[in-house]
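Note sheet for the following structure.
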Amino acid sequence: LPDRLADAVRFLGRMLAGNDSQAIRELKAHMDRYVELFNHEQAAAIGKEIYSAPVLLPQLGSEQHSVVRTTADVQKHWADTFTKIKVRGWSRSVVHDMHFRMAGPDMAFAGMTFSRLRANGEAIPPKRRTADYVLLKGASGWRLLSVSSQAEPAEPASPQAVKGVETHMKRYVALCNEEGFEDVAREIFHAPVLWRVDRQVQVDMTGEAIRE
Numbered sequence: 003l004p005d006r007l008a009d010a011v012r013f014l015g016r017m018l019a020g021n022d023s024q025a026i027r028e029l030k031a032h033m034d035r036y037v038e039l040f041n042h043e044q045a046a047a048i049g050k051e052i053y054s055a056p057v058l059l060p061q062l063g064s065e066q067h068s069v070v071r072t073t074a075d076v077q078k079h080w081a082d083t084f085t086k087i088k089v090r091g092w093s094r095s096v097v098h099d100m101h102f103r104m105a106g107p108d109m110a111f112a113g114m115t116f117s118r119l120r121a122n123g124e125a126i127p128p129k130r131r132t133a134d135y136v137l138l139k140g141a142s143g144w145r146l147l148s149v150s151s152q153a154e155p156a157e158p159a160s161p162q163a164v165k166g167v168e169t170h171m172k173r174y175v176a177l178c179n180e181e182g183f184e185d186v187a188r189e190i191f192h193a194p195v196l197w198r199v200d201r202q203v204q205v206d207m208t209g210e211a212i213r214e
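Read in order, the letters of the sequence shown are residues 3 to 214 in my numbering.
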């Protein structure tokens, strides 16, 4: 019943989406294609059709985030990922939920809840996982620029956690208004960072580059 209710609410959301409805359909088709390619272990096609290098790979719970710089590197990353998850018995992945939020006509955020299954249908722990994506639309269509995943949280974020994020972002705005670039680089961002500059994506690997 919860899945059916969620699907009904998403249907209403699509019907009320107005000018974003076409973009949402395109995003849904892109992510469906991603899942299809993933389940067929098509690392080369994922690198060419789904992602656009450089790709940021935040490692949640770690200070060591990484950037995959080229299409060939993206392809290798997913080929290595398939090798690792197959060792654990992975056979296919199933999606439980998918949602999108537009950030302008050619940029969007996507969220997915999914499970990795063994051939017998048993879920590989954690049973349910979440993944968050940043997408940009270019001449060749939508492409992913960033992906991070983790076990599905057992409960919504606490009010204290939400308040912490709000405080951080208010501090960001205050520092920008004061032109406190050193503090922005030190307190607000964590390298590496992907920037969108003049419709191009670039990566900064150090605090000094972020400050500049």
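The beta-carbon is built from N, C-alpha and C at its ideal position, and this holds for glycine as well.
Here the alpha carbon of R71 sits roughly 30 Å from the alpha carbon of L177. Annotated as proximal: V205 and P56, with beta-carbon spacing under 7 Å. In this structure, DSSP gives F13 a helical state, which the three-state scheme calls helix. Counting every other CB atom within 10 Å of its CB across the protein chains shown gives F183 a total below 16, marking it as exposed.
Taking all protein chains shown into account, W197 has fewer than 16 neighbouring C-beta atoms within 10 Å of its C-beta and is therefore exposed. Approximately 7 Å separates the beta-carbon atoms of H98 and D5; this is inside 8 Å, confirming the contact. Under the DSSP assignment, L146 falls outside any alpha helix (DSSP H), being part of the beta strand (DSSP E) whose first and last residues are 143-153.
Per DSSP, the continuous beta strand (DSSP E) segment holding K139 begins and ends at 131-140. Beta-bridge partners assigned by DSSP to Q204: W197. Going by beta carbons, L62 and S150 fall inside the 7 Å limit.
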